[in-house]
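The numbering of the sequence shown is our numbering, which starts it at 1 and goes up by one. We put the beta carbon where it would ideally sit given N, CA and C, even for glycine.
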Amino acid sequence: MVAVTYYCPRCGAIAELERDAYLADKSVTPYPLEGWEYVTPEEAYEESDGVRFVCGEDGTLADESDTGGCGEPFYLSFVRFEAGEEVDPAPPSEYVEIGAGIGPRGPRGPGRRP
Numbered sequence: 001m002v003a004v005t006y007y008c009p010r011c012g013a014i015a016e017l018e019r020d021a022y023l024a025d026k027s028v029t030p031y032p033l034e035g036w037e038y039v040t041p042e043e044a045y046e047e048s049d050g051v052r053f054v055c056g057e058d059g060t061l062a063d064e065s066d067t068g069g070c071g072e073p074f075y076l077s078f079v080r081f082e083a084g085e086e087v088d089p090a091p092p093s094e095y096v097e098i099g100a101g102i103g104p105r106g107p108r109g110p111g112r113r114p
């Protein structure tokens with residue numbers, strides 16, 4: 001067993017997980033990968049697709065500002081194989097449009113006045 005640490009992607013708090021060294025990490029994200037199944041650090045995660053942490057709980061140590069975490073979930077995903085091939089996560093089923101209906105923003109070009 002080895003102790004491996006992970007940063008919360010939202011606030012930078014550190015979570016530690018005691019695990020077997022053979023497990024390969026794919027990613028740590030603020031959202032679950034579609035098609036992956038997650039368990040808590042207390043469950044048998046060796047047989048799962050990943051671990052769902054709650055920042056500030058679940059083995060979270062501290063962040064640089066020592067706030068104790070943000071309380072939001074984040075997800076450690078392990079590499080998965082099917083028929084000897086690495087599985088990539090499915091693309092998201094829902095897309096979020098950021099700034100819908102808002103044109104480009106930035107400085108106005110030369111010679112243009114507000």
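Report task. Could you work out which residue in E34, I14, F81, R19 is closest to C70 when comparing CA atoms only? Result -> Residue mapping note: residue 70 aligns to position 70 of the sequence shown, counting from 1. Ranking E34, I14, F81, R19 by CA distance to the CA of C70 puts I14 first.
Query raised in the report: Leaving out five residues before and five after P73 in sequence, what residues of the same chain have Cβ atoms less than 6 Å from its Cβ?
Result: Here residue 73 is taken as the residue at index 73 of the sequence shown, counted from 1. Excluding sequence neighbours, P73 sits near R52, V54.
Query raised in the report: For T5, which residues of its own chain have a beta-carbon under 6 Å away from its beta-carbon, when the five flanking residues on both sides are left out?
Result: The residue given as residue 5 occupies position 5 in the sequence shown. Take T5, set aside five residues on each side of it, and the residues of its chain with a beta-carbon closer than 6 Å to its own are I14, E16, in chain order.
**Report entry** Proximity winner among L76, D49, G56, relative to E86 (alpha-carbon distances)
**Finding:** As a first step, residue 86 is located in the sequence shown; it is residue number 86 there, counting from the start. Comparing C-alpha distances from E86 to each of L76, D49, G56 shows the shortest one belongs to D49.
Report task. Label Y45 either buried or exposed according to how many other C-beta atoms from any shown protein chain fall within 10 Å of its C-beta, with 16 as the threshold for buried. Result -> Translated into positions along the sequence shown, residue 45 becomes position 45. The residue in question, Y45, is buried, as its Cβ has 16 or more Cβ neighbours within 10 Å.
Requested in this report: Can you tell me which of A90, V79, P89, G84 puts its alpha carbon nearest to the alpha carbon of A24?
Outcome: Indexing the sequence shown from 1 puts residue 24 at position 24. In this structure, V79 is the residue among A90, V79, P89, G84 with its C-alpha nearest to the C-alpha of A24.
Requested in this report: Give me the Cα-Cα distance between A90 and E37, rounded to the nearest whole angstrom.
Outcome: Mapped onto the sequence shown, residue 90 falls at position 90. Mapped onto the sequence shown, residue 37 falls at position 37. When rounded, the distance between both Cα atoms is 13 Å.
Query raised in the report: Per DSSP, T40 is paired with what?
Result: Within the sequence shown, the letter at position 40 stands for residue 40. In the DSSP secondary-structure assignment, T40 is not bridged to any residue.
Query raised in the report: Under the three-state reduction of DSSP, which class applies to E82: helix, strand or coil?
Result: Counting from one through the sequence shown, the residue named residue 82 turns up at place 82. In this structure, DSSP gives E82 an extended state, which the three-state scheme calls strand.
Query raised in the report: Nearest to Y22 by alpha carbon, out of Y31, G56, M1, C11?
Result: Start at 1 with the first residue of the sequence shown, and residue 22 comes out as number 22. Of the candidates Y31, G56, M1, C11, the one whose C-alpha sits nearest the C-alpha of Y22 is M1.
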